Amino acid sequence: MKTYNKIALSALGVIVFLLAWEAVARSGVVPARLLPSPSAVPTAFLTEFNSGTWQAMVLASLSHYLVGLSLGTFLGVSFGTAAALWGKWDAFQAWVVRMLRPIPAIAWIPFAIIWFGVSEGAASFLIALTVFWINYYASYAAVRGVDKDLIELGYAFGQGGLIPRLFKIILPGALPGILSGLRAGLGQGWMTVVAAELFGISGLGMRMMEASGLLATHIVVLYMVTIALLYGVSDFLFMQVQSRVLSWQR
């Protein structure tokens with residue numbers, strides 16, 4: 001299927017979804033306070049924007065999202081790559097990873113509050129924790145999946161040292177898998193933002209909780225849409241960067 005046909009069908013799907021939602025909301029089957037119509041969102045946006053609330057919430061969430069994303073990505077890629085390269089280190093930390101990995105980020109909320117207080121540091125910690133595991137496993141699998149023949153070829157051409165082997169053979173070979181982990185972390189990071197802000201940290205999640213307490217569901221939907229748009233923009237920009245970084249593969 002041609003690209004413009006895919007775009008047209010995707011746009012049509014969104015339009016149909018919004019029209020169906022609007023029809024259900026206007027039918028009265030569900031009370032408006034429980035299911036606001038899409039047409040109520042622009043008015044909610046203007047109200048929040050004119051008061052400065054929308055901008056403040058977006059900037060607050062972006063600040064700890066970017067810190068958590070950067071920290072979790074760096075540590076996840078570093079630890080995952082190290083575990084894939086050195087068998088002894090892999091064996092040493094394997095069971096620690098198996099014990100910690102199943103614990104969801106929201107289970108660490110009490111410790112985040114104790115360690116960092118109700119602050120942006122606590123939110124960044126939770127986001128970093130979520131992003132860390134995604135990048136850890138993506139990097140581990142990507143590095144382990146590098147063609148062994150390429151590594152042997154590197155040895156034959158005098159690239160057997162750790163640094164040249166890592167930067168000239170292993171990381172370029174593993175880059176597509178590592179970037180896939182980074183992209184997945186972008187989305188999971190935004191999902192964790194809401195959970196991280198539920199206990200009073202300023203941001204999109206906190207504003208959604210405030211609005212839901214007042215049954216201002218149109219405000220809740222506005223910030224849901226905001227999160228979706230922020231993720232869409234970040235994913236689009238990442239794909240542009242990824243396309244340039246991997247242009248040598250074409």
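So the sequence shown is numbered by full-length UniProt numbering: it starts at 1 and just counts up by one. Think of the CB as a built atom: it goes at the ideal place given N, C-alpha and C, for glycine as much as any other residue. Only a predicted model underlies this, so the values are computations on that prediction, with no experimental measurement involved.
- Within the stretch 45-132, no beta strand (DSSP E) run of at least 3 residues lies entirely inside it.
- Assignment of Ile7 by DSSP, reduced to helix, strand and coil, places it in the helix class.
- Between Ala196 and Tyr140, the C-beta gap is not smaller than 7 Å, which leaves the two residues out of contact.
- Its Cα nearest to that of Pro42, the residue Leu222 stands out among Ser10, Tyr65, Arg101, Leu222.
- Under the 10 Å beta carbon count, Ser39 is surrounded by fewer than 16 other beta carbons and is classified as exposed.
- For Ser37, no alpha helix (DSSP H) segment is defined, and its DSSP state is neither H nor E.
- In this model, Gly187 and Val233 are separated by some 11 Å (Cα to Cα).
- The criterion of a C-beta distance shorter than 7 Å is satisfied by Gly203 and Ser61.
- A Cβ-Cβ separation of about 7 Å places Trp133 in contact with Gly76 under the 8 Å criterion.
- The beta-carbon separation of Val220 and Ser212, rounded to 5 Å, stays under the 8 Å limit for a contact.
- By the CB criterion at 7 Å, Gly177 and Ala138 fall inside the cutoff.
- Only buried fits Leu126, as 16 or more other CB atoms lie within 10 angstroms of its CB.
- In this model, Met208 and Ile106 are separated by some 17 Å (Cα to Cα).
- With respect to Val131, Gly205 sits apart: the two C-beta atoms are not nearer than 7 Å.
- Of the candidates Trp190, Thr217, Glu210, Leu175, Leu175 places its Cα closest to the Cα of Gln242.
- In the three-state scheme derived from DSSP, where H, G and I count as helix and E and B as strand, Ser180 is classed as helix.
- Between Ala25 and Ser37, the C-beta spacing is below 7 Å.
- Excluding residues up to 5 positions away in sequence, nothing lies with its Cβ nearer than 6 Å to the Cβ of Trp115 in the same chain.
- One thing to note: Thr81 has its Cβ within 7 Å of the Cβ of Val143.
- With at least 16 other beta carbons inside 10 angstroms of its own, Asn135 counts as buried.
- In the structure shown, Gly203 adopts coil according to DSSP, grouped into three states.
- Shown here for Gly121: not one same chain residue has a beta carbon closer than 7 Å to its own, the five before and five after excluded.
- Excluding five sequence positions before and after Ser124, the CB atoms of its chain that fall closer than 6 Å to its own CB belong to His64, Val67, Gly68, given in chain order.
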